Structures are given as structure tokens and as C-alpha cells.
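J.: Let me give you the structure first, and then I'll get to my questions.
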Amino acid sequence: MTGLVKKLLFCGAKSFPTTELPEGHIWVCVGTDEKAQRFELDANYLNHPLFEDLLRLSVPEFGYSYEGALRIACETDLFLHLLNLLRSSNPSVHYMELQDLMERFYASAEASGQHEEPHQHHHHCSC
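Going by numbering that gives the first Met the number 0, 27 is the number at position 28 of the sequence shown; the sequence numbering is gapless.
Now the structure itself:
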């Protein structure tokens, strides 16, 4: 696990909710406004460079401490798109830069007018 991820997890470890999570899973709160959603996430995803980049971009917005869930400052649909790519067998996701992911996502969403449906356990929260 990278230093940034360890720092974020250490800073928020004391504030994890008592809600039971399967071993190796964490809460991640995605979004920057009142429509933020909390997701149960396999912690292994945090080792992926795209997640590390999202976390790095979130530090100016939320800092290193968090209350109950790791915070990611991006749109929920973009986050779900990233999860779907990571679950797919598409090898390009392992070499993709965050900027490329975002450009492809927004170009695709604009062209289709559709948004990804969530496949992870989540709910609206006041993260």
C-alpha cells in the first residue's frame, strides 16, 4: 500500500463506523456535495494507480482526516465507471492515466447521454 493510502487510512482509522464490513473492505464516500454516496469497497482497489490519483486529488478538498469513510472528490458516475473498468478484463485500465479515464468517460457520457448503474453496495450519506 502506498504512503498516501496508509496516511489516509491511519488518520481516519479511529473514526470507522461500527457497521460490520467484510474483512478487507472499507467505506468510501464519493462526491463533494449533499448527494455524496458511501460505498463498500474492496481495499485492494486502493492500490491501483487510478485510485491513488483520485485520492491525491481529494486531499485539497478533504485533507487527510475523514469521518467514517475515506473521501473521494469526484462524481459518483465517474467512480462507478472506474470500478466497472477495474472489474472488467480490459487490460488498458492498468496503463491508463486519470486524465485519459476522465476524458473518455465524459466523451462517452456526452455521446450516449447515459450514466453507469451502481454495482457496489452504497447509499446516500452525509459524509
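Glycine residues also receive a C-beta, built at the ideal position from the N, C-alpha and C atoms.
Keep in mind the model is a prediction, meaning the values are calculated, not measured.
#1: From A35 to E96, what does the alpha carbon distance come to, in whole angstroms?
#2: Using only alpha-carbon positions, find the residue among L54, L77, L82, S107 that is nearest to I71.
#3: Could you say which of C73, A110, L85, E102 lies nearest to D41 if we only look at CA atoms?
#4: I need the DSSP call for D32, collapsed to helix, strand or coil.
#5: Taking the CB atoms as reference points, tell me whether A68 and V27 lie closer together than 7 Å.
#6: Taking E33 as the reference, give the member of L79, E74, E39 with the closest Cα.
#7: Please confirm whether L49 and L81 have their CB atoms less than 7 Å apart.
#8: Alpha carbons only, please: which of V92, L20, R103, T31 is nearest the one belonging to E60?
#9: Does the Cβ of S87 have 16 or more other Cβ atoms within 10 Å, making it buried, or fewer, making it exposed?
#10: Based on DSSP bridge pairs, tell me the residues matched to D41.
#11: Just to check my reading of the structure: T23 and N43 have Cβ atoms closer than 8 Å, yes? What is that Cβ distance to the nearest angstrom?
#12: I'd like to check one pair, F104 with L77: are the Cβ atoms closer than 7 Å?
T.: Well, looking at it:
#1: Whole-angstrom Cα-Cα distance: 24 Å.
#2: L54
#3: L85
#4: coil
#5: yes
#6: E74
#7: yes
#8: It is T31.
#9: exposed
#10: Under the DSSP definition of a beta bridge, D41 partners with H24.
#11: The displayed chain sequence assigns Gly, not Thr, to residue 23. Between N43 and G23 the Cβ distance is about 7 Å, and since that is below 8 Å, they are a contact.
#12: yes
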